[in-house]
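I have placed the structure first, in the form of structure tokens, so that the comments after it can refer back to it.
In our numbering, the protein residues as written are 42 to 179.
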């Protein structure tokens with residue numbers, strides 16, 4: 042029974058994601074989408090393993106604020122140089138995360154310039170994730 046419920050949730054979330062119904066909005070100046078913490082959390086709950094790049098410095102990534110489980114740490118200063126490490130499929134969604142959203146916006150622009158077509162910024166960053174009460178790794 043639980044397995045059927047989880048499969049159903051995964052199908053619904055995948056359908057919402059693919060049809061663009063997850064909570065996202067477009068940034069007019071950059072064209073990069075913003076994903077709300079709840080939308081990313083809901084996707085993770087289904088068992089999906091989206092590409093998540095945390096662009097804070099390593100000390101921040103492991104700090105008390107923590108990071109989202111499964112996120113990889115590529116600091117903003119290295120994102121252009123290490124863009125190829127993000128994903129082999131440049132049309133795959135890439136969630137960019139920082140503390141509040143500012144560095145993620147800069148990194149998202151660099152990833153878009155590197156050819157990634159589905160870059161999403163976690164709106165409000167880890168502060169929004171923490172405010173929502175979602176789990177964090179340290």
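Beta carbons are placed, not taken as given, at the ideal position from N, Cα and C, and that holds for glycine.
The model shown is predicted, which means the values in this text are computed figures rather than measured ones.
Asked, Found
"Hey, could you find the ends of the beta strand (DSSP E) residue 74 is sitting in?", "74 to 76"
"Can you find a CB in chain B that lies within less than 9 angstroms of the CB of residue 122?", "The structure shown has no chain B; it contains just one protein chain."
"With a threshold of 6 angstroms on Cβ separation, who are the neighbours of residue 169 within its own chain once the five nearest residues in sequence on each side are excluded?", "78"
"Quick test of the definition: if touching needs 3 or more C-beta pairs under 8 angstroms, does the segment 123 to 131 touch the segment 77 to 91?", "no"
"Between residue 115 and residue 132, is the Cβ-Cβ spacing less than 9 angstroms?", "no"
"Go ahead and pull the three-state DSSP assignment for residue 140.", "coil"
"Which residue marks the beginning of the alpha helix (DSSP H) containing residue 168, and which one marks its end?", "166 to 172"
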